[in-house]
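Oh and the sequence shown: position 3 is 45 in the working numbering, straight run, nothing missing.
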Amino acid sequence: MLFRFLEENVIAKYKKRSLLLFAVTFLFILLLFLRFYYLQVVLHDKYKRLSEDNRIRILRIKAPRGFIKDRDGEILVKNAPSYNLSVIREDTGDLNTLLGKLNNIVDLNVKEAKEKILKGYYYDPVTIFRGLNFKQVSYLYEHLKSFPGIRIEMDTVRSYKNGFAYSNLVGYMGEVNDSELKKFNGYRPGDLIGKTGLERVYEKRLKGINGAKQVEVNSLGQVVKVLKTKQAKPGSNVVLSMDYDLQKFGMELLKEKVGTIVVLDIYNNRVLLMATNPSYNLEKFVPFIESDYWNTITNDPDKPMLNRAIEGSYPPGSVFKVLMAAAGLTENIITQETTFECNGVFYYGSYDYKCWKEQGHGEVDLKKSIVESCDIYYYNLGLKLGIDTISRYAHNFSLGRKTGIDLTNEKSGLFPDRKWKEKAFDQPWYPGETIITSIGQGYTNVTPLQMAVMLSGIFNGGMIYQPSLVKGFETADGFEAKPVKINNRVDIDNSTRDFLLNAMYNAVYGLHGTAYRARVSEIKIGGKTGTAQVVSLKKFEQYEEGEVPAKYRDHSWFGGVFPVEEPRYVIVSLIEHGGSGGHSAASISGAVINKMVSMGYVSD
């Protein structure tokens with residue numbers, strides 16, 4: 043009995059343990075099954091995608107960037123092939139080792155390359171070096187297994203007809219930065235993007251729409267099969283209103299000078315010429331900008347990267363008198379016959395304001411004031427108009443505000459008024475400041491483009507068009523013209539316009555005209571010179587003009603309209619420290635107009 047009892051107890055005990063073991067085993071198997079179900083069924087799509095990512099990749103097909111052409115279809119900017127070195131992070135293994143080995147083949151900034159790669163996606167190729175030569179490409183292809191994760195990609199870089207002639211208009215391209223990656227879609231670290239000029243403004247149109255292809259890769263990340271392809275949509279070609287031959291000629295005229303020339307069609311303010319010098323070489327940015335050249339152009343005191351037509355601000359000098367005359371006539375403050383006496387000095391209160399002609403001009407009517415550029419006439423006219431009316435006309439004609447041209451970094455300049463003076467200096471406006479403003483001096487600073495728009499508005503009947511460098515776009519669907527935009531309308535009657543044309547004609551061809559150096563024999567033109575003081579006149583008044591140090595010499599202006607019989611174009615030239623406007627700016631403008639005559643733009 044005892045043994046039976048012991049046997050039953052042992053059997054019962056082992057039964058309990060067996061049941062517990064069975065329950066634990068069953069629970070473990072159930073958990074495994076549930077986990078298996080979760081991985082194989084619930085997460086099936088995810089792991090299938092991850093698996094395919096190791097075998098199947100989506101590669102981007104970069105859209106060909108659009109060309110940039112001049113008004114006659116001449117290609118100024120196109121694309122050229124370039125071999126780039128890219129890295130796919132997922133395939134690299136030890137990234138530091140890879141970059142160290144690559145640095146022995148190409149001149150690589152290892153730190154920057156690593157930062158780019160880490161910013162990119164695991165399966166996306168990131169460009170870390172541009173412009174591989176044939177020797178480098180051959181070596182890397184022969185030793186691909188030693189450089190896991192690299193790709194040698196055929197890409198394009200910009201190619202230029204002329205690296206200097208239009209660099210400040212077209213602008214340069216550079217690698218996309220962090221802020222641009224966040225702001226714009228469709229870019230990856232290492233991609234190129236327009237940084238300045240037309241390349242920047244029309245980036246979206248030029249870039250096009252990227253395509254993609256689904257490919258099968260091997261264990262080294264090399265493509266073994268293309269599965270699907272979506273073609274890229276090329277970027278549009280940008281067609282400029284600028285004439286390349288005229289632009290090149292303008293740049294040649296500015297050689298060894300610091301300044302700018304602008305020519306506009308007054309019936310739409312399209313730009314035919316916008317030369318600015320000194321300039322920089324766009325070819326130095328291909329395939330990438332070297333630090334030595336970048337430091338050279340950014341530290342140059344003459345600022346070759348400055349587009350002086352839209353970024354340079356200068357006192358307009360006597361060219362501004364054309365607008366003063368138009369305002370006086372339109373407001374009925376004066377007539378064409380109104381005269382003032384000029385004896386060389388104008389006294390107001392306890393101050394005296396001199397005319398540029400020390401002995402004076404005698405009795406001066408409005409026509410003579412423009413032809414001989416009498417300052418004292420405009421001192422009187424300015425006080426009669428008042429600063430409020432003067433500033434209203436100036437602002438209506440785009441002085442002191444951006445014109446809206448399709449370029450980057452346009453400056454607004456400054457045309458002062460009472461509110462500005464109160465805000466800037468916490469002081470009231472004084473009549474003496476009106477006197478100085480009336481001849482384009484004092485606080486006033488304008489860009490050469492603003493002066494061209496001003497003249498255009500006066501001689502086209504008061505239409506203030508938004509200037510543009512672009513005629514339109516060549517797309518897959520044909521040519522798309524860029525609409526002409528009107529910024530403002532101003533009342534200028536025909537009699538005022540005709541009178542100013544005649545006065546400016548006599549300023550060029552008259553016996554005492556200050557703009558005689560701009561004379562053109564084939565057609566009749568009208569012009570007005572301007573001399574903008576850089577330093578106080580008193581400081582160097584005892585010296586002859588040629589004896590004044592170059593950096594203290596006045597800026598030279600010329601503003602012209604042609605042909606006089608049927609005005610079609612305006613020209614504005616500005617030469618920094620060029621002396622009086624009747625010298626360098628006038629002669630350069632005359633040369634440009636002669637060139638336009640020979641090119642068939644105007645005829646007698």
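In this text, a Cβ means the ideal position worked out from N, Cα and C, and glycines have one as well.
Subject >> Boundaries of the beta strand (DSSP E) in which histidine 597 is found, first to last residue >> reply: Residue 597 sits at position 555 when you count from the first residue of the sequence shown. Segment 597-604, the beta strand (DSSP E) holding histidine 597.
Original post:
So the alpha helix (DSSP H) lysine 409 belongs to, where does it begin and stop?
Top reply: For the purposes of this step, residue 409 is taken as the residue at position 367 of the sequence shown. Here the alpha helix (DSSP H) through lysine 409 covers 408-413.
Subject >> Segments assigned alpha helix (DSSP H), at least 4 residues, entirely inside the stretch 462-546 >> reply: 473-479 and 490-501
Original post:
Got a sec, what are the start and stop residues for the beta strand (DSSP E) arginine 172 sits in?
Top reply: Your numbering for residue 172 matches position 130 in the sequence shown. Here the beta strand (DSSP E) through arginine 172 covers 167-172.
**OP:** Starting from the C-beta of lysine 237, find all residues in its chain whose C-beta is less than 7 Å away, skip the five residues before and the five after it, and write them out in chain order.
**Re:** By one-based count along the sequence shown, residue 237 stands at place 195. These residues qualify, in order along the chain: Gly213, Tyr214, Met215 and Gly216.
**OP:** Quick one: which unbroken beta strand (DSSP E) runs of 3-plus residues sit fully inside the stretch 292-333? Chain order, please.
**Re:** 301-307 and 313-319
Original post:
At which residues does the alpha helix (DSSP H) containing glycine 370 begin and terminate?
Top reply: Counting from one through the sequence shown, the residue named residue 370 turns up at place 328. Taken as a continuous stretch (DSSP letters only), the alpha helix (DSSP H) holding glycine 370 covers 363-372.
**OP:** Would you decide whether asparagine 279 is buried or exposed? Buried here means 16 or more other CB atoms lie within 10 Å of its CB.
**Re:** Numbered from 1 along the sequence shown, position 237 holds the residue referred to as residue 279. So asparagine 279 counts as buried.
Original post:
By DSSP, does lysine 177 sit in helix, in strand, or in coil?
Top reply: If you number the sequence shown from 1, residue 177 lands on position 135. Looking at lysine 177 - three-state DSSP - the assignment turns out to be helix.
Subject >> Span of the beta strand (DSSP E), counted from its first residue to its last, around valine 562 >> reply: Residue numbering aside, residue 562 sits at position 520 when the sequence shown is read from its first letter. No beta strand (DSSP E) holds valine 562; DSSP gives it neither H nor E.
Subject >> Euclidean distance between Cα positions of leucine 74 and arginine 97 >> reply: Locating residue 74 in the sequence shown gives position 32, counting from the first residue. Locating residue 97 in the sequence shown gives position 55, counting from the first residue. Those two C-alpha atoms are separated by around 28 Å.
**OP:** Under 7 Å Cβ to Cβ from asparagine 530, same chain only, skipping five residues before and after it: list those, please.
**Re:** Position 488 of the sequence shown, counted from the first residue, corresponds to residue 530. The answer, listed in chain order, is Asn438 and Ile506.
Subject >> C-alpha distance - asparagine 219 paired with aspartate 233, whole-angstrom precision >> reply: Stepping through the sequence shown from its first residue, residue 219 is reached at position 177. Stepping through the sequence shown from its first residue, residue 233 is reached at position 191. Near 9 Å, if we compare the C-alpha coordinates of aspartate 233 and asparagine 219.
Original post:
What are the start and end residues of the beta strand (DSSP E) that includes tyrosine 164?
Top reply: For the purposes of this step, residue 164 is taken as residue 122 along the sequence shown, with counting starting at 1. Careful: tyrosine 164 lies outside any beta strand (DSSP E) and carries neither H nor E.
Original post:
From valine 268 to glutamine 492, what distance separates their C-alpha atoms?
Top reply: Taking the sequence shown and counting its residues from 1, the one referred to as residue 268 is at position 226. Taking the sequence shown and counting its residues from 1, the one referred to as residue 492 is at position 450. Approximately 55 Å between the Cα atoms of the pair.
Subject >> Exposed unless 16 or more other CB atoms sit within 10 angstroms - verdict on valine 387 >> reply: In the sequence shown, counting from the first residue as 1, residue 387 sits at position 345. Burial call: exposed.
Original post:
At what residues does the beta strand (DSSP E) containing arginine 102 begin and finish?
Top reply: The residue labelled residue 102 in the question sits at position 60 within the sequence shown. Residues 98-103.
Subject >> Beta carbon of threonine 407 nearer than 9 Å to that of threonine 380 >> reply: Along the sequence shown, read from residue 1 onward, the residue named residue 407 stands at position 365. Along the sequence shown, read from residue 1 onward, the residue named residue 380 stands at position 338. The displayed chain sequence assigns aspartate, not threonine, to residue 407. The answer is yes: Cβ separation under 9 Å.
**OP:** Name the two residues that bound the continuous beta strand (DSSP E) containing arginine 200.
**Re:** As a working note, residue 200 is residue 158 in the sequence shown. That run of the beta strand (DSSP E) goes 192-202.
Original post:
If you drop the 5 nearest sequence neighbours on each side, which residues of the same chain put their C-beta closer than 6 Å to that of glutamate 195?
Top reply: Taking the first residue of the sequence shown as 1, we reach residue 195 at position 153. The answer, listed in chain order, is Asn126 and Ser128.
Subject >> Cβ pair count under 8 Å reaching 3, the stretch 451-467 against the stretch 395-414 >> reply: no
**OP:** With a threshold of 16 other CB atoms inside 10 Å of the CB of glutamate 332, please say whether the residue is buried or exposed.
**Re:** Looking up residue 332 in the sequence shown gives position 290. That one is exposed.
Original post:
What do you get for glycine 568, buried or exposed, if any count of 16 or more other CB atoms within 10 angstroms of its CB means buried?
Top reply: Working through the sequence shown from its first residue, we reach residue 568 at position 526. Glycine 568 comes out buried.
Original post:
Would the beta-carbon of phenylalanine 189 fall within 9 Å of that of leucine 144?
Top reply: As a working note, residue 189 is residue 147 in the sequence shown. As a working note, residue 144 is residue 102 in the sequence shown. Contact: yes.
**OP:** Could you tell me the distance, in whole angstroms, from the CA atom of phenylalanine 109 to the CA atom of valine 168?
**Re:** Counted from its first residue, the sequence shown places residue 109 at position 67. Counted from its first residue, the sequence shown places residue 168 at position 126. Whole-angstrom Cα-Cα distance: 25 Å.
Original post:
DSSP beta-bridge partners for threonine 573?
Top reply: Here residue 573 is taken as the residue at index 531 of the sequence shown, counted from 1. According to DSSP, which records beta bridges pairwise, threonine 573 is partnered with Ser598.
**OP:** Taking the CB atoms as reference points, tell me whether tyrosine 322 and tyrosine 208 lie closer together than 9 Å.
**Re:** One-based indexing of the sequence shown puts residue 322 at position 280. One-based indexing of the sequence shown puts residue 208 at position 166. No, the Cβ-Cβ distance between tyrosine 322 and tyrosine 208 is not below 9 Å.
Original post:
So, is aspartate 540 buried or exposed, given that buried needs 16 or more other C-beta atoms within 10 angstroms?
Top reply: The residue labelled residue 540 in the question sits at position 498 within the sequence shown. So aspartate 540 counts as exposed.
Original post:
Grouping DSSP H, G and I as helix and E and B as strand, with all else coil, what is phenylalanine 388?
Top reply: Here residue 388 refers to the residue found at position 346 of the sequence shown. Strand, per DSSP.
**OP:** Can you have a look at arginine 242 and say buried or exposed, based on whether 16 or more other CB atoms are within 10 angstroms of its CB?
**Re:** Locating residue 242 in the sequence shown gives position 200, where the first residue counts as 1. When all chains shown are included, arginine 242 counts as buried.
**OP:** Would you mind stating whether threonine 431 and alanine 369 have Cβ atoms separated by less than 9 Å?
**Re:** Within the sequence shown, the letter at position 389 stands for residue 431. Within the sequence shown, the letter at position 327 stands for residue 369. Yes.
Original post:
How about the stretch 559-566 and the stretch 623-640: do they share at least three Cβ pairs that are nearer than 8 Å?
Top reply: yes
**OP:** Locate the beta strand (DSSP E) running through lysine 120, then write down its first and last residues.
**Re:** Residue 120 sits at position 78 when you count from the first residue of the sequence shown. Where lysine 120 is concerned, the enclosing beta strand (DSSP E) stretches over 117-130.
**OP:** Using a Cβ-Cβ cut-off of 9 Å, state whether serine 60 counts as contacting chain B.
**Re:** The structure shown contains no chain B, having only a single protein chain.
Subject >> Residue span of the alpha helix (DSSP H) that contains asparagine 422, given as start and end >> reply: Along the sequence shown, read from residue 1 onward, the residue named residue 422 stands at position 380. Asparagine 422 -> alpha helix (DSSP H) spans 417-427.
**OP:** On the DSSP bridge assignment, give the partners of threonine 271 in chain order.
**Re:** Position 229 of the sequence shown, counting from 1, holds the residue named residue 271. For threonine 271, which the question treats as bridged, DSSP gives the partners Lys255.
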